[in-house]
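Per the numbering used here: the sequence shown = residues -12 to 367.
Just so you know, even glycine gets a beta-carbon here, dropped at the ideal spot from N, CA and C.
Taking it in order: structure first as C-alpha coordinates, then the write-up.
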Amino acid sequence: MNEKYEPLFKELKLPNGVVLRNRFVLAPLTHVSSNDDGSISDIELPYIEKRSQDVGIALTAASYVEPLGQAFPGQASVSKEADISGLSKQAEVMKKNGAKALIQIHHGGAMSLPGLTPDGDVAAPSEVEVRGFGQKETHKARPLTVEEIEHSIESFARATRIAIEAGFDGVEIHGANHYLIHQFFSPYYNRRDDEWGEHLRYPLAVVDAVTKVVNEHATPDFIVGYRFSPEEVESPGISMELTEQLVKSLSEKPIDYLHVSLMDIHSETREGEYKGQQRVKLLLDWINGRVPLIGIGSIFTADDAIAALETGAPLIALGRELLLDYEFISKIKQGKEDEIVSMFDPERTDKHELTEPLWKQFNAGFYPLPRTDEEPSNTK
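Listed below in C-alpha coordinates is the structure:
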(Lines of atoms letter the chains of each structure in order from A and count residues from 1; the text may use other names and numbers.)
(Lines give C-alpha, C1' and ligand atoms only; values in the text may rest on other atoms or scores of the structure.)
Protein backbone atom coordinates (compact mmCIF):
# COMPACT_ATOMS: atom_id res chain seq x y z
CA MET A 1 0.00 0.00 0.00
CA ASN A 2 1.14 3.50 -0.81
CA GLU A 3 1.99 5.01 2.59
CA LYS A 4 0.01 8.19 1.91
CA TYR A 5 -3.18 6.12 2.14
CA GLU A 6 -2.31 4.50 5.46
CA PRO A 7 -4.46 6.94 7.54
CA LEU A 8 -7.52 5.50 5.80
CA PHE A 9 -6.84 2.15 7.45
CA LYS A 10 -6.29 3.29 11.04
CA GLU A 11 -8.70 1.97 13.64
CA LEU A 12 -11.23 4.29 15.29
CA LYS A 13 -12.95 3.84 18.66
CA LEU A 14 -16.59 4.98 18.91
CA PRO A 15 -17.98 6.55 22.12
CA ASN A 16 -19.50 3.20 23.15
CA GLY A 17 -16.08 1.54 22.94
CA VAL A 18 -16.58 -0.29 19.64
CA VAL A 19 -13.40 -0.28 17.54
CA LEU A 20 -13.81 0.15 13.78
CA ARG A 21 -11.10 -1.47 11.66
CA ASN A 22 -10.76 1.45 9.24
CA ARG A 23 -12.24 4.82 8.30
CA PHE A 24 -14.54 3.65 5.50
CA VAL A 25 -18.33 3.52 5.68
CA LEU A 26 -20.73 2.02 3.14
CA ALA A 27 -23.30 4.75 2.52
CA PRO A 28 -27.02 3.87 2.67
CA LEU A 29 -27.93 4.10 -1.00
CA THR A 30 -31.41 3.29 -2.27
CA HIS A 31 -31.33 0.08 -4.30
CA VAL A 32 -35.07 -0.54 -5.09
CA SER A 33 -34.39 -4.29 -4.89
CA SER A 34 -36.36 -5.62 -1.91
CA ASN A 35 -39.54 -7.62 -2.36
CA ASP A 36 -42.88 -5.85 -2.77
CA ASP A 37 -43.86 -6.67 0.82
CA GLY A 38 -40.66 -5.07 2.14
CA SER A 39 -38.93 -8.36 2.85
CA ILE A 40 -35.29 -8.86 1.89
CA SER A 41 -34.88 -10.35 -1.58
CA ASP A 42 -32.41 -12.98 -2.71
CA ILE A 43 -30.80 -10.57 -5.20
CA GLU A 44 -29.89 -7.92 -2.62
CA LEU A 45 -27.95 -10.23 -0.32
CA PRO A 46 -24.91 -10.81 -2.60
CA TYR A 47 -25.07 -7.14 -3.61
CA ILE A 48 -24.83 -5.89 -0.01
CA GLU A 49 -22.29 -8.57 0.98
CA LYS A 50 -19.84 -7.38 -1.68
CA ARG A 51 -20.23 -3.71 -0.71
CA SER A 52 -19.80 -4.48 3.00
CA GLN A 53 -16.73 -6.70 2.81
CA ASP A 54 -13.99 -4.10 3.39
CA VAL A 55 -15.62 -1.19 5.27
CA GLY A 56 -15.59 -0.41 8.98
CA ILE A 57 -19.33 0.32 9.06
CA ALA A 58 -21.84 -0.97 6.51
CA LEU A 59 -25.22 0.73 6.28
CA THR A 60 -28.30 -0.73 4.66
CA ALA A 61 -30.47 1.28 2.32
CA ALA A 62 -33.17 3.32 4.08
CA SER A 63 -35.71 0.89 5.57
CA TYR A 64 -39.20 2.08 6.43
CA VAL A 65 -40.46 1.89 10.01
CA GLU A 66 -44.18 1.90 9.15
CA PRO A 67 -46.18 1.41 5.92
CA LEU A 68 -47.19 5.09 5.83
CA GLY A 69 -43.48 5.89 5.47
CA GLN A 70 -42.59 3.92 2.33
CA ALA A 71 -40.85 6.31 -0.06
CA PHE A 72 -39.33 3.98 -2.69
CA PRO A 73 -40.39 1.00 -4.75
CA GLY A 74 -38.46 -2.07 -3.65
CA GLN A 75 -37.76 -0.53 -0.24
CA ALA A 76 -36.97 -2.79 2.69
CA SER A 77 -39.24 -2.82 5.75
CA VAL A 78 -38.17 -2.80 9.38
CA SER A 79 -41.74 -2.36 10.59
CA LYS A 80 -43.00 -5.79 11.66
CA GLU A 81 -41.97 -9.06 13.24
CA ALA A 82 -42.22 -10.87 9.91
CA ASP A 83 -39.29 -8.77 8.64
CA ILE A 84 -36.83 -10.28 11.12
CA SER A 85 -36.06 -13.45 9.19
CA GLY A 86 -34.90 -11.64 6.05
CA LEU A 87 -33.19 -8.87 7.99
CA SER A 88 -31.22 -11.48 9.93
CA LYS A 89 -29.86 -12.86 6.66
CA GLN A 90 -28.95 -9.33 5.58
CA ALA A 91 -27.16 -8.56 8.85
CA GLU A 92 -25.28 -11.86 8.62
CA VAL A 93 -23.84 -11.24 5.15
CA MET A 94 -23.00 -7.63 6.00
CA LYS A 95 -21.02 -8.69 9.09
CA LYS A 96 -19.46 -11.72 7.43
CA ASN A 97 -16.09 -10.13 6.66
CA GLY A 98 -15.68 -7.91 9.72
CA ALA A 99 -17.80 -4.81 9.10
CA LYS A 100 -20.22 -3.47 11.69
CA ALA A 101 -23.70 -3.88 10.16
CA LEU A 102 -26.18 -1.06 10.75
CA ILE A 103 -29.70 -0.67 9.44
CA GLN A 104 -30.87 2.81 8.48
CA ILE A 105 -34.34 3.42 9.96
CA HIS A 106 -36.47 5.76 7.86
CA HIS A 107 -39.88 7.33 7.34
CA GLY A 108 -40.66 9.14 4.10
CA GLY A 109 -43.23 11.57 5.48
CA ALA A 110 -44.29 13.86 2.63
CA MET A 111 -41.95 11.95 0.30
CA SER A 112 -43.80 8.68 0.78
CA LEU A 113 -45.32 7.46 -2.48
CA PRO A 114 -49.14 7.32 -2.74
CA GLY A 115 -48.88 4.22 -4.90
CA LEU A 116 -47.10 2.34 -2.12
CA THR A 117 -48.73 3.52 1.13
CA PRO A 118 -52.00 2.16 2.57
CA ASP A 119 -54.97 3.71 0.75
CA GLY A 120 -52.60 6.09 -1.06
CA ASP A 121 -52.34 8.17 2.11
CA VAL A 122 -49.36 10.53 2.56
CA ALA A 123 -48.81 12.65 5.66
CA ALA A 124 -46.21 15.17 6.82
CA PRO A 125 -45.72 17.73 9.60
CA SER A 126 -47.81 20.25 7.61
CA GLU A 127 -49.73 20.19 4.35
CA VAL A 128 -47.30 20.32 1.44
CA GLU A 129 -47.05 19.40 -2.24
CA VAL A 130 -43.94 17.50 -3.32
CA ARG A 131 -42.52 15.28 -6.04
CA GLY A 132 -41.40 11.93 -4.67
CA PHE A 133 -38.86 9.39 -5.87
CA GLY A 134 -39.22 8.74 -9.60
CA GLN A 135 -42.43 10.75 -9.86
CA LYS A 136 -43.21 12.98 -12.84
CA GLU A 137 -46.13 14.66 -11.09
CA THR A 138 -46.41 16.09 -7.60
CA HIS A 139 -48.62 14.75 -4.85
CA LYS A 140 -50.08 16.37 -1.74
CA ALA A 141 -49.38 15.38 1.83
CA ARG A 142 -51.83 16.10 4.65
CA PRO A 143 -50.79 17.17 8.17
CA LEU A 144 -50.13 14.38 10.67
CA THR A 145 -52.32 14.27 13.74
CA VAL A 146 -50.67 14.39 17.15
CA GLU A 147 -51.58 10.72 17.65
CA GLU A 148 -49.91 9.83 14.35
CA ILE A 149 -46.78 11.77 15.30
CA GLU A 150 -46.54 9.84 18.55
CA HIS A 151 -47.15 6.59 16.66
CA SER A 152 -44.34 7.37 14.22
CA ILE A 153 -41.92 7.89 17.10
CA GLU A 154 -43.02 4.54 18.52
CA SER A 155 -42.41 3.05 15.06
CA PHE A 156 -38.77 4.17 15.14
CA ALA A 157 -38.46 2.56 18.58
CA ARG A 158 -40.07 -0.68 17.37
CA ALA A 159 -37.77 -0.72 14.32
CA THR A 160 -34.79 -0.47 16.67
CA ARG A 161 -36.05 -3.48 18.67
CA ILE A 162 -36.46 -5.41 15.40
CA ALA A 163 -32.91 -4.47 14.35
CA ILE A 164 -31.58 -5.77 17.66
CA GLU A 165 -33.47 -9.05 17.29
CA ALA A 166 -32.27 -9.41 13.69
CA GLY A 167 -28.65 -9.26 14.83
CA PHE A 168 -27.59 -5.86 13.54
CA ASP A 169 -24.73 -4.07 15.27
CA GLY A 170 -26.62 -0.81 15.29
CA VAL A 171 -29.08 1.59 13.68
CA GLU A 172 -28.72 4.88 11.86
CA ILE A 173 -31.60 7.32 12.31
CA HIS A 174 -32.37 8.90 8.92
CA GLY A 175 -32.85 12.59 9.69
CA ALA A 176 -31.73 13.84 6.27
CA ASN A 177 -32.71 14.27 2.63
CA HIS A 178 -36.22 15.72 3.01
CA TYR A 179 -37.75 12.72 4.80
CA LEU A 180 -39.93 12.85 7.91
CA ILE A 181 -37.41 13.73 10.61
CA HIS A 182 -35.81 16.31 8.31
CA GLN A 183 -39.30 17.68 7.58
CA PHE A 184 -40.05 18.28 11.24
CA PHE A 185 -36.74 20.11 11.60
CA SER A 186 -37.33 22.24 8.49
CA PRO A 187 -39.19 25.59 8.66
CA TYR A 188 -40.35 24.90 5.09
CA TYR A 189 -42.11 21.61 5.85
CA ASN A 190 -43.05 22.24 9.48
CA ARG A 191 -45.43 25.17 9.92
CA ARG A 192 -47.34 23.66 12.85
CA ASP A 193 -48.59 25.89 15.66
CA ASP A 194 -48.75 23.14 18.28
CA GLU A 195 -45.99 21.63 20.42
CA TRP A 196 -44.59 19.76 17.39
CA GLY A 197 -43.94 23.02 15.57
CA GLU A 198 -40.76 23.45 17.63
CA HIS A 199 -38.17 22.29 15.15
CA LEU A 200 -35.86 20.34 17.45
CA ARG A 201 -38.64 18.54 19.30
CA TYR A 202 -39.33 15.68 16.88
CA PRO A 203 -35.72 14.80 15.95
CA LEU A 204 -34.72 14.68 19.62
CA ALA A 205 -37.84 12.70 20.55
CA VAL A 206 -36.90 10.05 17.98
CA VAL A 207 -33.35 9.89 19.31
CA ASP A 208 -34.62 9.53 22.87
CA ALA A 209 -37.06 6.77 21.88
CA VAL A 210 -34.38 4.85 19.99
CA THR A 211 -31.72 5.14 22.70
CA LYS A 212 -34.25 4.09 25.35
CA VAL A 213 -34.85 0.83 23.45
CA VAL A 214 -31.10 0.34 23.05
CA ASN A 215 -30.53 0.84 26.77
CA GLU A 216 -33.26 -1.66 27.65
CA HIS A 217 -32.72 -4.37 25.03
CA ALA A 218 -29.26 -4.15 23.41
CA THR A 219 -25.74 -4.86 24.57
CA PRO A 220 -23.50 -1.85 25.36
CA ASP A 221 -21.71 -2.19 22.02
CA PHE A 222 -24.87 -1.50 19.97
CA ILE A 223 -24.21 1.53 17.74
CA VAL A 224 -26.60 4.46 17.23
CA GLY A 225 -25.92 7.06 14.54
CA TYR A 226 -27.86 10.00 13.13
CA ARG A 227 -27.80 11.33 9.56
CA PHE A 228 -28.73 14.94 8.76
CA SER A 229 -28.71 17.46 5.92
CA PRO A 230 -27.02 20.73 6.91
CA GLU A 231 -28.85 23.04 4.48
CA GLU A 232 -31.77 22.92 2.08
CA VAL A 233 -32.68 25.02 -0.94
CA GLU A 234 -36.28 25.60 0.13
CA SER A 235 -37.09 28.95 1.71
CA PRO A 236 -37.46 29.39 4.57
CA GLY A 237 -35.50 26.19 5.00
CA ILE A 238 -32.81 24.56 7.08
CA SER A 239 -29.84 26.88 7.47
CA MET A 240 -26.40 26.27 8.95
CA GLU A 241 -27.49 28.38 11.89
CA LEU A 242 -30.33 25.92 12.58
CA THR A 243 -28.01 22.98 11.99
CA GLU A 244 -25.63 24.38 14.58
CA GLN A 245 -28.42 24.01 17.16
CA LEU A 246 -29.21 20.48 15.98
CA VAL A 247 -25.61 19.28 15.98
CA LYS A 248 -24.86 20.72 19.41
CA SER A 249 -28.01 19.11 20.82
CA LEU A 250 -27.32 15.73 19.22
CA SER A 251 -23.71 15.78 20.41
CA GLU A 252 -24.99 15.70 23.99
CA LYS A 253 -27.14 12.61 23.35
CA PRO A 254 -25.90 9.02 23.88
CA ILE A 255 -25.21 8.41 20.20
CA ASP A 256 -22.02 7.15 18.59
CA TYR A 257 -21.65 9.25 15.45
CA LEU A 258 -23.20 11.93 13.26
CA HIS A 259 -23.40 11.51 9.49
CA VAL A 260 -23.69 14.60 7.30
CA SER A 261 -25.41 14.15 3.93
CA LEU A 262 -23.49 16.04 1.21
CA MET A 263 -22.97 15.68 -2.53
CA ASP A 264 -19.44 17.07 -2.11
CA ILE A 265 -17.52 16.67 1.13
CA HIS A 266 -15.60 19.90 0.41
CA SER A 267 -18.77 21.97 -0.14
CA GLU A 268 -19.26 25.40 1.39
CA THR A 269 -22.20 26.96 3.19
CA ARG A 270 -24.69 28.48 0.78
CA GLU A 271 -25.85 31.57 2.67
CA GLY A 272 -26.25 33.26 6.03
CA GLU A 273 -23.77 33.97 8.80
CA TYR A 274 -21.46 31.15 7.71
CA LYS A 275 -21.68 31.68 3.96
CA GLY A 276 -18.58 30.49 2.10
CA GLN A 277 -17.19 28.46 5.01
CA GLN A 278 -16.57 24.74 4.58
CA ARG A 279 -19.49 22.82 6.04
CA VAL A 280 -17.44 19.95 7.43
CA LYS A 281 -15.11 22.30 9.30
CA LEU A 282 -18.04 24.13 10.88
CA LEU A 283 -19.64 20.87 11.94
CA LEU A 284 -16.43 19.58 13.48
CA ASP A 285 -16.07 22.83 15.42
CA TRP A 286 -19.61 22.50 16.79
CA ILE A 287 -19.29 18.81 17.63
CA ASN A 288 -16.01 19.60 19.40
CA GLY A 289 -14.83 16.01 19.53
CA ARG A 290 -17.85 14.66 21.40
CA VAL A 291 -18.80 12.17 18.64
CA PRO A 292 -17.18 11.23 15.31
CA LEU A 293 -18.50 12.78 12.10
CA ILE A 294 -18.98 10.78 8.92
CA GLY A 295 -18.33 12.88 5.82
CA ILE A 296 -19.47 11.95 2.33
CA GLY A 297 -19.66 13.31 -1.18
CA SER A 298 -18.02 12.81 -4.57
CA ILE A 299 -15.27 10.40 -3.53
CA PHE A 300 -14.31 8.38 -6.61
CA THR A 301 -10.54 7.80 -6.31
CA ALA A 302 -7.96 6.94 -3.67
CA ASP A 303 -6.77 10.55 -3.71
CA ASP A 304 -10.36 11.73 -3.24
CA ALA A 305 -10.59 9.45 -0.20
CA ILE A 306 -7.46 10.76 1.51
CA ALA A 307 -8.44 14.35 0.68
CA ALA A 308 -11.82 13.67 2.31
CA LEU A 309 -10.13 12.38 5.46
CA GLU A 310 -7.94 15.48 5.50
CA THR A 311 -11.04 17.66 5.96
CA GLY A 312 -10.89 16.43 9.55
CA ALA A 313 -13.87 14.09 9.31
CA PRO A 314 -12.66 10.90 11.04
CA LEU A 315 -14.90 8.64 8.93
CA ILE A 316 -15.76 8.84 5.23
CA ALA A 317 -18.71 7.21 3.53
CA LEU A 318 -18.60 5.81 0.03
CA GLY A 319 -21.81 5.63 -1.95
CA ARG A 320 -21.76 5.77 -5.71
CA GLU A 321 -18.12 4.66 -5.89
CA LEU A 322 -18.67 1.44 -3.95
CA LEU A 323 -21.51 0.69 -6.33
CA LEU A 324 -19.20 1.21 -9.30
CA ASP A 325 -16.35 -0.82 -7.78
CA TYR A 326 -16.95 -2.88 -4.65
CA GLU A 327 -13.22 -3.62 -4.51
CA PHE A 328 -12.34 0.09 -4.15
CA ILE A 329 -10.96 -0.31 -0.62
CA SER A 330 -9.07 -3.55 -1.18
CA LYS A 331 -7.44 -2.09 -4.30
CA ILE A 332 -6.09 0.82 -2.25
CA LYS A 333 -4.85 -1.57 0.43
CA GLN A 334 -3.11 -3.74 -2.16
CA GLY A 335 -1.45 -0.79 -3.90
CA LYS A 336 -3.68 -1.21 -6.94
CA GLU A 337 -5.41 2.14 -6.78
CA ASP A 338 -4.74 2.66 -10.50
CA GLU A 339 -7.12 -0.25 -11.17
CA ILE A 340 -10.09 1.38 -9.42
CA VAL A 341 -13.21 1.68 -11.60
CA SER A 342 -14.48 5.23 -11.20
CA MET A 343 -16.89 5.54 -14.12
CA PHE A 344 -20.20 3.89 -14.90
CA ASP A 345 -19.93 1.73 -17.98
CA PRO A 346 -23.30 0.72 -19.44
CA GLU A 347 -21.53 -1.84 -21.64
CA ARG A 348 -20.02 -3.87 -18.79
CA THR A 349 -21.22 -7.45 -19.03
CA ASP A 350 -21.14 -7.80 -15.22
CA LYS A 351 -23.23 -4.60 -14.83
CA HIS A 352 -20.86 -3.52 -12.04
CA GLU A 353 -22.24 -6.44 -9.95
CA LEU A 354 -25.37 -4.38 -9.23
CA THR A 355 -28.87 -5.76 -8.84
CA GLU A 356 -30.85 -5.48 -12.06
CA PRO A 357 -33.23 -2.77 -10.72
CA LEU A 358 -30.31 -0.70 -9.43
CA TRP A 359 -28.33 -1.10 -12.65
CA LYS A 360 -31.35 0.15 -14.59
CA GLN A 361 -31.47 3.22 -12.36
CA PHE A 362 -27.79 3.93 -12.92
CA ASN A 363 -28.18 3.47 -16.65
CA ALA A 364 -31.16 5.84 -16.69
CA GLY A 365 -29.10 8.54 -14.99
CA PHE A 366 -30.85 8.59 -11.61
CA TYR A 367 -27.54 9.35 -9.89
CA PRO A 368 -24.98 11.93 -11.06
CA LEU A 369 -21.66 10.20 -11.70
CA PRO A 370 -18.91 9.89 -14.33
CA ARG A 371 -19.90 7.74 -17.31
CA THR A 372 -17.90 6.19 -20.12
CA ASP A 373 -20.58 7.14 -22.66
CA GLU A 374 -20.56 10.87 -21.87
CA GLU A 375 -18.10 13.72 -22.06
CA PRO A 376 -16.22 14.21 -18.76
CA SER A 377 -18.13 16.46 -16.37
CA ASN A 378 -17.73 17.70 -12.84
CA THR A 379 -19.85 15.41 -10.64
CA LYS A 380 -19.08 17.56 -7.64
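Item	Value
Take F59 and list the residues in its own chain whose beta-carbon comes closer than 7 angstroms to its own, dropping the five residues that flank it on each side.	T17, V19, F120
Quick check: the region 182 to 192 against the region 75 to 88, are there 3 or more CB pairs under 8 angstroms?	no
Which one of Y176, S216, A205, S142 has the shortest CA to CA distance from F155?	A205
Which stretch, first to last residue, makes up the alpha helix (DSSP H) that contains I149?	133 to 153
Counting only the same chain and skipping the five closest in sequence on each side, list residues whose C-beta sits under 6 angstroms from that of P279.	Y244, P301, L302
Thinking just about the alpha-carbon of each residue, which of T336, R277, L74, I90 is nearest to the one in L1?	R277
How would you call G352, buried or exposed, if buried means at least 16 neighbouring beta carbons within 10 angstroms?	exposed
Assuming contact is defined by CB atoms lying nearer than 9 angstroms, are V193 and P217 in contact in what I supplied?	no
If you draw a straight line from the C-alpha of L341 to the C-alpha of P357, how long is it?	16 angstroms
Suppose contacts are defined by Cβ-Cβ distances below 9 angstroms. Is Q40 in contact with S317 by that definition?	yes
So, with DSSP's three-state summary, where would you put I293?	helix
Which class does F(-4) belong to by DSSP, given the choice of helix, strand or coil?	helix
Determine the direct distance from the alpha carbon of S99 to that of N275, and round the result to whole angstroms.	35 angstroms
Just to confirm my understanding: we take S226, look at its own chain, exclude 5 residues before and 5 after, and list those with CB closer than 6 angstroms. What are they?	G259
Could you say if the region 26 to 35 and the region 124 to 138 meet the contact criterion of at least three C-beta pairs nearer than 8 angstroms?	no
Out of A153, A14, E362, which one is the CA nearest neighbour of T209?	One point to set straight first is that residue 209 is Phe, not Thr, in the sequence displayed. Checked all of A153, A14, E362; the closest Cα to F209 is A153.
With a threshold of 16 other CB atoms inside 10 Å of the CB of V333, please say whether the residue is buried or exposed.	Here the sequence assigns Pro to residue 333, which means Val is not the residue at that position. Exposed, since its Cβ has fewer than 16 Cβ neighbours within 10 Å.
Considering just the uninterrupted stretch of the alpha helix (DSSP H) at K199, what are its terminal residues?	188 to 204
Below 9 angstroms between beta carbons: does that hold for H161 and E219?	no
Measuring straight from C-alpha to C-alpha, what distance separates L270 and K240?	16 angstroms
Leaving out five residues on either side along the sequence, give the residues of the same chain with a beta carbon under 7 angstroms from the beta carbon of V158.	L89, I90, I92, T147, A150, V197, V211
State the DSSP-derived secondary structure class of P105, mapped to helix, strand or coil.	helix
Which one of L131, G56, S142 has the shortest CA to CA distance from A101?	Per the sequence shown, residue 101 should be read as Pro rather than Ala. Looking at the Cα atoms, G56 is the closest of the given residues.
May I ask which residues mark the beginning and end of the alpha helix (DSSP H) holding H169?	167 to 172
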